[in-house]
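Take a look at the structure set out below.
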Amino acid sequence: MVSVTSSCTRTNTMKSEGNTPRFPVLIADEGLNFKKHAFDDPKVLGRQLIEAAGGHPVDEHAAIAILPNGDFEDIRLDELYDLRGRGIEKVLVARSDRSFKFKIDDADLEWPRACISGFVLRKLAKLPPNYSLWQEMPGQHDKKIADTDVINLADAGVERFVSLIDQTTEGDALPSKDQTYLSGHGYEFEVVTEGGSTGIILNALPLPEGKFAHTEADVLILLPKGYPDCPPDMFYVAPKLTLAGTGQVPKACTVEHRFGGRVWQRWSRHNDAWRPGVDGLQTMVARVQTALAEARA
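Start counting the sequence shown at 638; every next residue gets the next number (our numbering).
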């Protein structure tokens, strides 16, 4: 019978008091709590791994090997698993009688276990190599998911992930929360960098009906260094807007600004209220819409 202990002192083959070889493995439960175990035999059955983790009844649990690249590999109950890998092997033991639903971008997906790795999430989302995956964290900064990260889908709030290209052609990435907001609300936008500054251009934004001589305009929001912890200040529009009927320029909108090869009308609207981790482009878009609706000479 294979004996099991919950501690070991080396990361590969170990020696017990009687000089018997010991083979370590890290076994995690569904809460991703890893514990060290050691076996006398270098090859153990899937059911032995489940029993070592306290999974009962055994046939209602699954043993899943966590490979070095973050991929998962099922270990059948009566399949021998070799513990002589590169360092301590990692195995996840989870119940196999339920499934967990979550979203990646707009796709509704399901996984038969509570735990899933970043590598598996990427495979399910079929992400191109230059895209990264982010976990939405309500009230906090989004978390970038590495292939080797293991996420517990049973945790409260762990249900939505978004993909984001790692770099635009100009070399800057838009925070996933902002990209999700803009895409989810149907905005056509582009990211432009010039002289070390990054700007988000909202293309053909509809203007308040009857307010201006134009019915739509492009809106530029410049992101300061340190964004999203630091707030954007003013915004800019093109073409230049004048009030319908009078042809007058709105108050505090007379200065021109050049960016991205275009001339923009600067709207000097300031608001120092900003909540890092909460506010983002959705806040700035709301301020833009309010300023346009309230514009007067």
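Even for Gly, the Cβ is constructed at its ideal location relative to N, Cα and C.
Among the candidates 740, 925 and 883, whose CA atom is the shortest distance from the CA of residue 859?
Residue numbering aside, residue 859 sits at position 222 when the sequence shown is read from its first letter. Of the candidates 740, 925 and 883, the one whose C-alpha sits nearest the C-alpha of residue 859 is 925.
Residue 906: which of 917, 913, 932 and 885 sits nearest, CA to CA?
Position 269 of the sequence shown holds residue 906. Selected option, being the one with the closest Cα: 932.
Round the Cβ separation of residue 935 and residue 731 to the nearest angstrom and send it over; I've been treating them as touching at under 8 Å.
Here the chain covers residues 638 to 934 and nothing more, so residue 935 does not appear.
By the 10 Å Cβ neighbour count, where 16 or more other Cβ atoms means buried, how is residue 890 classified, buried or exposed?
Here residue 890 refers to the residue found at position 253 when the sequence shown is read from its first residue. Counting Cβ neighbours within 10 Å, residue 890 comes out buried, since at least 16 surround it.
Consider the Cβ of residue 793: report whether some Cβ of chain B lies at a distance smaller than 8 Å.
Annotation note: the requested chain B is absent from the structure, which comprises a single protein chain.
With C-beta atoms as the reference, is residue 725 less than 8 Å away from residue 661?
Residue numbering aside, residue 725 sits at position 88 when the sequence shown is read from its first letter. Residue numbering aside, residue 661 sits at position 24 when the sequence shown is read from its first letter. Closer than 8 Å, so yes.
Using only the alpha-carbon positions, how far apart do residue 830 and residue 897 sit?
For this step, residue 830 is matched to residue 193 along the sequence shown. For this step, residue 897 is matched to residue 260 along the sequence shown. Between residue 830 and residue 897, the C-alpha separation is close to 7 Å.
When you compare each of 666, 746 and 817 to residue 759 by their alpha carbons, which one comes out closest?
In the sequence shown, the residue the question calls residue 759 occupies position 122. Cα-wise, what sits closest to residue 759 is 746.
Which class does residue 816 belong to by DSSP, given the choice of helix, strand or coil?
The residue given as residue 816 occupies position 179 in the sequence shown. Residue 816: helix per DSSP, three-state reduction.
Just verifying my parser: in three-state terms, what is the DSSP assignment at residue 761?
As a first step, residue 761 must be located in the sequence shown, where it is residue number 124. Of the three classes helix, strand and coil, the one that applies to residue 761 here is helix, per DSSP.
Using a 10 Å radius around the Cβ and a threshold of 16 neighbouring Cβ atoms, would you call residue 868 buried or exposed?
In the sequence shown, the residue the question calls residue 868 occupies position 231. Residue 868 comes out buried.
So what does DSSP say about residue 830, is it helix, strand or coil?
For this step, residue 830 is matched to residue 193 along the sequence shown. If DSSP states are grouped into helix, strand and coil, residue 830 belongs with the strands.
Can you tell which of 768, 823 and 902 has its C-alpha closest to the C-alpha of residue 798?
On the sequence shown, residue 798 is found 161 positions in, with the first residue counted as 1. Minimum Cα distance to residue 798 is reached at 768.
Suppose the cutoff is 6 Å on Cβ atoms and the five residues either side in sequence are ignored; what does the same chain contact list for residue 819 look like?
Here residue 819 refers to the residue found at position 182 when the sequence shown is read from its first residue. Here the set comprises 826.
State the DSSP-derived secondary structure class of residue 750, mapped to helix, strand or coil.
Within the sequence shown, numbered from 1, the residue matching residue 750 stands at position 113. Three-state result, residue 750: coil.
State buried or exposed for residue 815, treating a residue as buried only when at least 16 other CB atoms are found within 10 Å of its CB.
Locating residue 815 in the sequence shown gives position 178, where the first residue counts as 1. Flag for residue 815 reads buried.
Going straight from the alpha carbon of residue 910 to that of residue 763, what length do you get?
Within the sequence shown, residue 910 is the residue found at index 273, counting from 1. Within the sequence shown, residue 763 is the residue found at index 126, counting from 1. Near 39 Å, if we compare the C-alpha coordinates of residue 763 and residue 910.
Going by Cα to Cα distance, which pick from 766, 865, 779 and 783 is closest to residue 753?
Along the sequence shown, one-based indexing puts residue 753 at 116. It is 783.
Report back the beta-carbon spacing between residue 823 and residue 865 to the nearest angstrom; my notes put them in contact at under 8 Å.
In the sequence shown, residue 823 corresponds to position 186, counting from 1. In the sequence shown, residue 865 corresponds to position 228, counting from 1. Residue 823 to residue 865, Cβ: 21 Å. No contact.
Are the beta-carbon atoms belonging to residue 837 and residue 800 less than 8 Å from one another?
For the purposes of this step, residue 837 is taken as the residue at position 200 of the sequence shown. For the purposes of this step, residue 800 is taken as the residue at position 163 of the sequence shown. No. Outside cutoff.
In whole angstroms, what separates the C-alpha of residue 807 from that of residue 828?
One-based indexing of the sequence shown puts residue 807 at position 170. One-based indexing of the sequence shown puts residue 828 at position 191. Only weak support exists for where residue 807 lies, its pLDDT of 38 falling under 50; the coordinates are left without a value.
Report all residues from its chain with a CB closer than 8 Å to the CB of residue 717; omit the five preceding and five following residues, and keep chain order.
Stepping through the sequence shown from its first residue, residue 717 is reached at position 80. Answer for residue 717: 680, 681 and 682, listed in chain order.
For residue 922, which residues of its own chain have a beta-carbon under 6 Å away from its beta-carbon, when the five flanking residues on both sides are left out?
Counting from one through the sequence shown, the residue named residue 922 turns up at place 285. Excluding sequence neighbours, residue 922 sits near nothing in its chain.
Given that a residue counts as buried once 16 or more other Cβ atoms are within 10 Å of its Cβ, and exposed if not, what is residue 804?
The residue labelled residue 804 in the question sits at position 167 within the sequence shown. Any reading at residue 804 needs caution, since the residue's pLDDT is 46, under 50, leaving its predicted position unreliable; the model's value is listed next. By the neighbour-count rule (16 or more Cβ atoms within 10 Å), residue 804 is not buried but exposed.
Quick check: what's the CA-CA separation for residue 686 versus residue 744?
As a first step, residue 686 must be located in the sequence shown, where it is residue number 49. As a first step, residue 744 must be located in the sequence shown, where it is residue number 107. When rounded, the distance between both Cα atoms is 34 Å.
Based on the DSSP output, what are the partners of residue 896 in its beta bridges?
Translated into the one-based positions of the sequence shown, residue 896 becomes position 259. 899.
Counting C-beta neighbours from all protein chains within 10 Å, is the total for residue 928 16 or more, i.e. buried, or is it exposed?
Residue 928 sits at position 291 when you count from the first residue of the sequence shown. Residue 928 is buried by the Cβ-count criterion.
DSSP state of residue 704, grouped into three classes?
Locating residue 704 in the sequence shown gives position 67, where the first residue counts as 1. In this structure, residue 704 counts as coil in the three-state DSSP scheme.
Closest by CA to residue 715, which one among 721, 684 and 736?
Residue 715 sits at position 78 when you count from the first residue of the sequence shown. Of the candidates 721, 684 and 736, the one whose C-alpha sits nearest the C-alpha of residue 715 is 684.
Tell me the residue span of the alpha helix (DSSP H) that contains residue 772.
As a position in the sequence shown, residue 772 is number 135, starting the count at 1. Element bounds for residue 772: not the alpha helix (DSSP H) but the beta strand (DSSP E), 768-772.
Between residue 849 and residue 879, which are expected to be in contact by the criterion C-beta below 8 Å, what is the C-beta distance as a whole number of angstroms?
Working through the sequence shown from its first residue, we reach residue 849 at position 212. Working through the sequence shown from its first residue, we reach residue 879 at position 242. Rounded, the Cβ-Cβ distance is 7 Å, consistent with contact.
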